[in-house]
Structures are given as C-alpha cells and as structure tokens.
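So for the sequence shown, this note's numbering puts the first residue at 5; every next one is plus one.
Don't be surprised by glycine CBs; every beta carbon is placed ideally from N, CA and C.
Fair warning: this is a prediction, and the values are worked out from it, not measured in the lab.
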Amino acid sequence: MVESDFLPTSPLTVKVSENAKFVGSRILTVEDEVRCSCQQITDQQLQIHFDCLNSEDYLVLPLFVTGNPYTNVELSGRIIGQNHPIDHTATEVKASVSERLSSLMVLIFVLNMIPGFFVAGALIVKEYGLNIFMNDFDSISRWYSLPFAFGSFAIFMFLFTRVANWFERRAYPDGYPLESDFEPPLHKSIIGLCKCIFQGKKIRLSTSIFSRGHPIIMPEKRVRRRSINDWIK
C-alpha cells in the first residue's frame, strides 16, 4: 500500500474531539526503510504521510494533547476500490478489577463524610450519652464509632486543605495557579468514581481535598519558601 492508494479527498487522518488539541506528535515505524511523517492540519486533525507499507508493517503514532486526557481518537480515510472507509475509533481501555475496588473504597469514604459524622455522631450521643462519648469512646459499638471516625477524618482533611489553600493563595499574586486549580471539583470526582466502578471508565480524580495546596511549579523536594517578590519584579 502506498499513500496514493487513498482518495485525495479522504486521506489517512487522525482526529481528536473538540475538547482536546494537539500540541505535538511523532510517528515511528518498525522498518527503517519506511519513510513516514505526520502533518498537523488543524488543532484536532493530523494527516499521515508514508511511502509504502507492506502487510506486516505498521506505524506507531504517539499523540500529545492538551485538554481532556481521555478524548476520543479517530482514524479515517478511504482507500480506492474499497466499499467502505476505514473509519475507526480507538478502543477505550477499561479499568481493572483492582481499580474498580479502589474507586469503590474511595467513594464510600467520601460519601460517608457528612452522614458518618453527623448521623453517627447524633446516634452515639443519643444512645450512649455525651459522657461516654468523651471519656470512654472504645465502649461504643463499632457500627457507630467507625463511620463517625472516618467521617470526622474526611471532614478534617477537607477543612484543613481548604484553609491551607487559602493561606497559600495569599502568598502569591491574584490568579496565580495552584495545583488544585487544575483538578476536577469534588462533585465531578464523585461522578468519575461512579463511572469507574459501574462502567469501567478511566478517570482523573481530584486530590485537592486530601493534600495541601501548593503552586504547580513547586518541585517535590524541599526548597526555600517562595514569596510574592519572587514572581513580581
């Protein structure tokens, strides 16, 4: 097969959805003799060029996109003499069983945050009294104490990170991005967890409710504390 086997009006192209844009691409081949390249036509479309491909040859096309990391990738083109085009959408990788179980545990932990703290706490005070709650917590039934403990822990992390983000934001100019600004909000993380559990879809979760906010350019190693004067000259 050569490139001229494709119709001029329907060349071999790769497209991504409107919610993503190409920022780069490379094309590789298993045979050194094959000459190939890719040309960016638009922000969402690439055209593939090659001199000749035999039946056992194939091309490897790494794509670098910005926007939705799970955007649909479509291959299209029409070969002369074929009844149908070769339109094909890349198959989505499904989440493994371990990923689904992990997502289920995280979802239970997050959803237990409000009822676990308030409902379980109210039942503990009602059935055991405030004195036992304060002085002999170990004697309380595990059916009450565990939801309350996990709910209290989740609320503490939520409030701690919000306060930490607020203090971190004050140290930088207005609009300076923190890592949490590039993460989905809590309600979208919950929706993503449900899709992973029930549909096996890969998701990107927000960690901002469980980690301290910090600027996105800060490395993981310990560095000198930055101030606003480092960014404004």
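Bridge partners for residue i per DSSP, in chain order?
{"i": "phenylalanine 26", "result": "Val69"}
{"i": "phenylalanine 10", "result": "Ile83"}
{"i": "cysteine 40", "result": "Phe54"}
{"i": "glutamine 49", "result": "Lys19, Thr46"}
{"i": "threonine 33", "result": "Leu63"}
CB-CB under 6 Å to residue i, same chain, minus the five flanking residues each way: which ones, in chain order?
{"i": "leucine 32", "result": "Val64"}
{"i": "histidine 92", "result": "Leu79"}
{"i": "isoleucine 52", "result": "Leu16, Cys42"}
{"i": "proline 66", "result": "Arg30"}
{"i": "threonine 46", "result": "none"}
{"i": "phenylalanine 121", "result": "Gly155, Ser156, Ile159"}
{"i": "isoleucine 90", "result": "Gly81"}
So, is residue i buried or exposed, given that buried needs 16 or more other C-beta atoms within 10 angstroms?
{"i": "methionine 109", "result": "exposed"}
{"i": "valine 20", "result": "buried"}
{"i": "glutamine 48", "result": "buried"}
{"i": "glutamate 172", "result": "buried"}
{"i": "tyrosine 62", "result": "exposed"}
{"i": "asparagine 169", "result": "buried"}
{"i": "valine 27", "result": "exposed"}
{"i": "valine 69", "result": "buried"}
{"i": "glutamate 183", "result": "buried"}
{"i": "serine 193", "result": "buried"}
{"i": "serine 102", "result": "exposed"}
{"i": "leucine 50", "result": "buried"}
{"i": "alanine 24", "result": "buried"}
{"i": "valine 167", "result": "exposed"}
{"i": "valine 6", "result": "exposed"}
{"i": "leucine 197", "result": "buried"}
{"i": "glycine 133", "result": "exposed"}
{"i": "isoleucine 207", "result": "buried"}
{"i": "threonine 13", "result": "exposed"}
{"i": "valine 244", "result": "Nothing in the structure corresponds to residue 244, since the chain is present only between 5 and 237."}
{"i": "isoleucine 201", "result": "buried"}
{"i": "serine 100", "result": "exposed"}
{"i": "leucine 59", "result": "Checking the sequence shown, residue 59 turns out to be serine, not leucine. Classification of serine 59: exposed, given that the 10 Å Cβ count is below 16."}
{"i": "serine 8", "result": "exposed"}
Looking only at its own chain, which residues have a Cβ that is under 8 Å from the Cβ of residue i, when we skip the five neighbours before and after it?
{"i": "asparagine 116", "result": "Pro151, Phe154, Gly155, Ala158"}
{"i": "phenylalanine 10", "result": "Leu16, Gly81, Arg82, Ile83, Ile84"}
{"i": "phenylalanine 113", "result": "Phe154, Ala158"}
{"i": "asparagine 72", "result": "Ser21, Asn23, Ala24"}
{"i": "lysine 199", "result": "Lys205, Ile207"}
{"i": "threonine 75", "result": "Val20, Ser21, Asn23, Ala24, Val69"}
{"i": "alanine 3", "result": "Since the first and last residues shown for the chain are 5 and 237, residue 3 lies out of range."}
Round the Cβ separation of residue i and residue j to the nearest angstrom and send it over; I've been treating them as touching at under 8 Å.
{"i": "glycine 204", "j": "lysine 98", "result": "4 Å"}
{"i": "leucine 57", "j": "valine 77", "result": "No, leucine 57 and valine 77 are not in contact; Cβ-Cβ is about 20 Å, not under 8 Å."}
{"i": "serine 145", "j": "isoleucine 136", "result": "The Cβ separation is near 11 Å, so there is no contact."}
Under 7 Å Cβ to Cβ from residue i, same chain only, skipping five residues before and after it: list those, please.
{"i": "leucine 127", "result": "Tyr148"}
{"i": "glycine 125", "result": "Phe152"}
Discussion item. As an exercise, report each continuous beta strand (DSSP E) stretch of at least 3 residues that is fully enclosed by the segment 61-145, in chain order.
Written reply: 67-71, 77-80
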